[in-house]
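What follows is a single structure, written as structure tokens, with notes after it.
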Amino acid sequence: MVPSTRQIEQQVSAVLAHDAEARILGIQAARPGAWPERIRVRARDFRLAWCDSPLAAREALLASDPGTEGLILLTNANDQALGADILARLARGRVFRLQSWELVRDLFQARDIDPRLGKLKWIADLLVERAPAAGYAPAPGGFLCADAAWQQVLGLSLGITDPRPDALALVEWTLREDASARMQALADPMRTDLAGWVAGVAGPAGRPIIACVVAGKGADCLPLGLLCELLFREGAQADPTLSAATARLERFTEGQRVEPLGGQRWAEAAVAALARLNDRSRVRALLARADVLLADLGLTAAAEASDCLQAGFDARLGRYAESLATAVPTPRAPQLAQVEAAAARVLTHGQAVHQGARCARVQMALRLLRWLASPEDTPGDFPAAAQSYTQEGSFVDWARMTLLGGDDLGELSAAYAGLALAVRARRERLNGRFAELLPAWNAAGSAAEGAGLVPVEGIIGSVLAPLAAQCPTLLLVADGMSLPVLRALTASLTALGWTAVAPTGGLPAVAGVAVLPTVTESSRTSLLCGRLTLGNASQETSGFSTHPALLAVSRPTARPLLFHKSELGDGSGLSDAVREALRARDQRVVGVVYNAVDDHLSGSDQLHQTWSVDDLRLLGPLLHEARLAGRAIVITADHGHVLDEGTTLRSHEDGDRWRRGPGPSATDEIELGGGRVLAPGGYARVILPWSEGVRYACKKNGYHGGATPQEVLVPLVVLVSAAQEVAGWTLFPPALPQWWETAPSPGLEAEPAMGLAVPTETPPIPPGKRRKVPLAQGDLFLALATPPADDGWVERLLASAVYAEQKRLAARIAPTDQDLRRFLLALDSRGGKLGKTALAQRLGMPLVRIGGFLSAIRRVLNVDRAAVVSIDEAAGEVEFNRGLLDVQFQLKGP
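Numbering (the numbering used here), first residue to last: 15 to 908.
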């Protein structure tokens, strides 16, 4: 044996530990080694001398300096050959023959070593050779067990710190760049013994995983584990295709067969390791590699069963596209159920959380299909038509807007296109009915205000001024904003803590109504001046600052202020002038004209606009300043718009979607005059298209001027921040159409849409006509479908001793029995799952309060933290486990 420098150092250190004054040591060596001239051990210097004879040893002893350094004689001579005179000079009077396990014993300060390690001499050599400068921690109880030794060995050789790594630890280790290289660098028997130990302690998956690494395929370990999810799922071995792929997997495991249980554990470890990776680019690379291996193993056809592969996600989208395309022509219950199931498989896939835009389109398409499956209503008068659009049509158009641009998959884009055609056909019929009813309502002019409709020129007097009398207010006029855009924007507004309010006891408004034609020159100027008029920014500023109703609630030194687009920003953000106005305590009313929506209509058609506060420049700072100043916000618009989706050009010289009358009109146009018609140029009569498919100007992203509800009806909502209370105004529950969250049920009408309330009386309903009248807040819950008859399970819960104790422990935060009953029946009627917004709506509760309510519910129902009620924050859903409730509260099933 030729000792290494490290072994020599360890031997010297062991001797000095017992004899600190030892100066000359002899160590056996078969031949000279690549040693340094000197070494330093325990703060002492030693010179190394190779002595191939007793004479050479005597010469080295004579040349040594006893006062400055020690001497290490490295020799191939035995004790007898050296002679007694030389041995007498050596520490302990002998030449040390290196015994690695003896050195290990000293290194670990152990009296005994696990006998299972005795045959593995390479372990001792490694522990000696790679011993840390500070030494190893002493063996507990003086016994060096196998696990302690293997912990050091695995750490030194492979970088694995656990002596008994499980499958997850192994898979995560293979993600290290040097993992395979370190294994490949080991020589036998070290590599074989290491692999055997790891395979034995890592469970059923240990052997195939380590075999994969030994075969040099460690980088593919996690991707192959993801494929094992397909290969070893229940019943897979009965599939000849999967059996053949399992055989091909042996190419990656040194020809070893992967047993089903080992494959299942490998898959579980791979999925868990992937979920714990925070590097999204690394995740994408691993999934891309898994897709390559999927094809290599001939598994492409089975990809749909995978819950994590990108190919599996795409396959599920393909299945969804197939079911959607089949259901669109006849959206009946069986077809709808298939689409619902296909959508659920897409949305529960592991990649869904990283494919937000695509999943949003899946959900929106499903909602549109549900809407197609619901009964088609024919409004009896214009207020009913406007209400129908506000409560349902605007949500339909929000969903349609989301589907624009299609999907990455061609077949899914085609299915969306087919759905869009069917939806548009129904929407066009409703647009036509809306246009039929518009002339009669228009003839009444501003006197038509009522039934929840507020002409834009009445918004200041009916809404803004009464609100400003109670608190400082910001009027946000979003030029061109349609109701669908507000629907899309609501989620981010809610996330920032803004919630809708309405006058206490008042009638919820349906919408504002633009001036005809629906163009900025007439509608915006009329809105900001409070009367029908044409004008521009100058007239708007003057009219707003001198509006009698606003002056009545303002101080003489702080007249109403209005800021237009050019005054909002200063290059670095919201201008100082706007910030100062919003912060001023004596400034009761501030108005802002915000043009982002209208500007988008003329922008690039290569961009997919998403409507959130973060996407709209300067809107976030405006909301921030309003919140800090305690301002309520009135959000409205001068007119809406329609998006370009296969429009046809009809050349005329007036507007994008209006032309002067009188004159012949097409079947998809209406001619209007009098009432609230106020066209640029002073024309007494105008012709407006009611179809979305008509334009009179060059192609753009969208247009306005026409007579569709998208253009005529504008948002009208009052928002306050979460902590703000306004006298005479009440938080207003959110509202969604019933088909938004679940498939339509027979006889279930749409629920009221979110809006504000105006104190006005409801006109009588003409004989023979039916109108869905919005209910006051207190009656909102009555508008919902009757929940399933309670067979007594809720009453048994409320009467149980466990519930009584839970309610006692919750004390004041416990919900009332009535609220709990409503909550349980609402969730149970929807199969135990409901979105937060839909739940708040069904409970008649403002969304801002639903979080605290759910905390109270969980405090009472989640006995010993059992998840009777859980919240999926990512999906915004509340889940209720009825079976677990029965167990925790000792109830009998129905």
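Glycine included, every Cβ here is placed at the ideal spot set by N, Cα and C.
I need the boundaries of the alpha helix (DSSP H) containing residue i, first residue and last residue.
| i | result |
| --- | --- |
| residue 86 | First-last for residue 86: 84 to 89, but that is the beta strand (DSSP E), not the alpha helix (DSSP H). |
| residue 40 | Here residue 40 belongs to no alpha helix (DSSP H); instead the beta strand (DSSP E) covers 38 to 42. |
| residue 526 | Element bounds for residue 526: not the alpha helix (DSSP H) but the beta strand (DSSP E), 525 to 527. |
| residue 514 | Premise fails: residue 514 lies in the beta strand (DSSP E), 512 to 517, not in any alpha helix (DSSP H). |
| residue 195 | 193 to 199 |
| residue 595 | 590 to 597 |
| residue 242 | 235 to 245 |
| residue 683 | Taken as a continuous stretch (DSSP letters only), residue 683 belongs to no alpha helix (DSSP H), being part of the beta strand (DSSP E) at 683 to 687. |
| residue 538 | 534 to 543 |
List the whole-angstrom C-beta distance separating residue i from residue j, where the pair is believed to meet the contact cut-off of C-beta under 8 Å.
| i | j | result |
| --- | --- | --- |
| residue 96 | residue 68 | 5 Å |
| residue 605 | residue 574 | 7 Å |
| residue 583 | residue 656 | Actually they are not in contact, since the Cβ atoms of residue 583 and residue 656 sit about 28 Å apart, beyond 8 Å. |
| residue 467 | residue 397 | 6 Å |
| residue 591 | residue 493 | No, residue 591 and residue 493 are not in contact; Cβ-Cβ is about 20 Å, not under 8 Å. |
| residue 707 | residue 662 | 6 Å |
| residue 701 | residue 677 | 6 Å |
| residue 743 | residue 518 | 6 Å |
| residue 83 | residue 61 | 6 Å |
| residue 361 | residue 284 | About 22 Å; that fails the 8 Å criterion. |
| residue 643 | residue 596 | 5 Å |
| residue 672 | residue 449 | So it is not a contact: roughly 13 Å between Cβ atoms. |
| residue 542 | residue 576 | 7 Å |
| residue 533 | residue 400 | With 8 Å as the limit, residue 533 and residue 400 do not qualify as a contact, their Cβ atoms being about 20 Å apart. |
Nearest to residue i by CA position, among the options, is which residue?
| i | options | result |
| --- | --- | --- |
| residue 808 | 824, 826, 841 | 841 |
| residue 904 | 810, 143, 868, 515 | 810 |
| residue 727 | 209, 408, 203 | 408 |
| residue 7 | 225, 301, 275 | Outside the displayed range of the chain (15 to 908) lies residue 7, so it cannot be described from this structure. |
| residue 833 | 857, 813, 819 | 857 |
| residue 214 | 245, 180, 272, 75 | 180 |
| residue 110 | 659, 191, 93 | 93 |
| residue 146 | 46, 35, 20 | 20 |
| residue 418 | 372, 869, 210, 566 | 372 |
| residue 869 | 38, 884, 688 | 884 |
| residue 351 | 828, 830, 756 | 756 |
| residue 537 | 280, 471, 483, 487 | 471 |
| residue 370 | 889, 79, 751 | 889 |
| residue 843 | 893, 572, 323 | 893 |
| residue 291 | 188, 242, 249 | 188 |
| residue 49 | 40, 38, 861, 63 | 63 |
| residue 17 | 139, 849, 814 | 139 |
Looking at residue i and the ligand ADP, is the gap between the Cβ and the nearest heavy atom below 8 Å?
| i | result |
| --- | --- |
| residue 291 | Inclusion of the ligand ADP in the displayed structure is not the case, the ligand content being empty and no account of it being possible. |
Go to residue i, then tell me how far its beta strand (DSSP E) extends in each direction, as first and last residue.
| i | result |
| --- | --- |
| residue 911 | Nothing can be reported for residue 911: it is not among the residues displayed for the chain, which extend from 15 to 908. |
| residue 703 | 699 to 703 |
| residue 605 | 603 to 608 |
| residue 735 | 730 to 735 |
| residue 745 | 743 to 745 |
| residue 16 | Unbroken run through residue 16: none, as it is neither H nor E. |
| residue 52 | 52 to 55 |
Is the Cβ of residue i closer than 9 Å to any Cβ of chain D?
| i | result |
| --- | --- |
| residue 20 | In the structure shown, chain D does not exist; there is a single protein chain. |
Notebook entry, point to check: Should the region 106 to 126 be called in touch with the region 25 to 36, which here means at least 3 C-beta pairs below 8 Å?
Noted result: yes
Next item on the list: Ignoring anything shorter than 4 residues or poking outside the region 550 to 579, list the alpha helix (DSSP H) runs there in chain order.
Entry: 551 to 559, 562 to 566
Next item on the list: Note down, one range per segment and in chain order, each alpha helix (DSSP H) of at least 4 residues found wholly within the region 428 to 508.
Entry: 479 to 482
Margin query: Can you confirm whether the region 159 to 166 touches the region 134 to 150 when touching is taken to mean that 3 or more C-beta pairs between the two stretches lie within less than 8 Å?
Written below: yes
Next item on the list: Determine contact between the region 523 to 530 and the region 685 to 700, defined as no fewer than three beta-carbon pairs at a distance below 8 Å.
Entry: yes
Check: Using 8 Å as the Cβ pair cut-off and three pairs as the minimum, do the region 342 to 349 and the region 302 to 316 touch?
Finding: no
Item checked: the region 496 to 503 in contact with the region 546 to 556 per 3-pair CB rule at 8 Å -> no
Next item on the list: Pick out the complete alpha helix (DSSP H) segments inside the region 281 to 351, 4 residues or longer, and give them in chain order.
Entry: 294 to 310, 324 to 341
Margin query: Which runs of the beta strand (DSSP E) at least 3 residues long sit entirely within the region 818 to 904? Give them in chain order.
Written below: 847 to 849, 883 to 886, 891 to 894
Next item on the list: Please specify which runs of the beta strand (DSSP E), each continuous and at least 3 residues long, are wholly inside the region 349 to 421, giving them in chain order.
Entry: none
Margin query: Contact between the region 621 to 632 and the region 555 to 567 is defined here as three or more beta-carbon pairs at a separation below 8 Å; is this criterion met?
Written below: no
Item checked: At least 3 beta-carbon pairs within less than 8 Å: the region 423 to 436 vs the region 502 to 510 -> no
Next item on the list: Mind the definition here: the region 446 to 456 touches the region 607 to 616 only if three or more C-beta pairs lie below 8 Å; say whether that holds.
Entry: no
Margin query: Check whether the region 671 to 686 and the region 632 to 647 touch, using three or more Cβ-Cβ pairs below 8 Å as the test.
Written below: no
Notebook entry, point to check: Taking only runs of the beta strand (DSSP E) that begin and end inside the region 61 to 117, which ones reach a length of at least 3 residues, in chain order?
Noted result: 84 to 89
Margin query: With a threshold of 8 Å, are at least 3 pairs of Cβ atoms found where one atom belongs to the region 321 to 341 and the other to the region 376 to 386?
Written below: yes
Notebook entry, point to check: Which parts of the region 132 to 205 are runs of the alpha helix (DSSP H), unbroken and 4 residues or longer, counting only runs that do not cross its ends?
Noted result: 135 to 143, 160 to 171, 181 to 188, 193 to 199
Margin query: Quick check: the region 819 to 828 against the region 862 to 876, are at least 3 beta-carbon pairs closer than 8 Å?
Written below: yes
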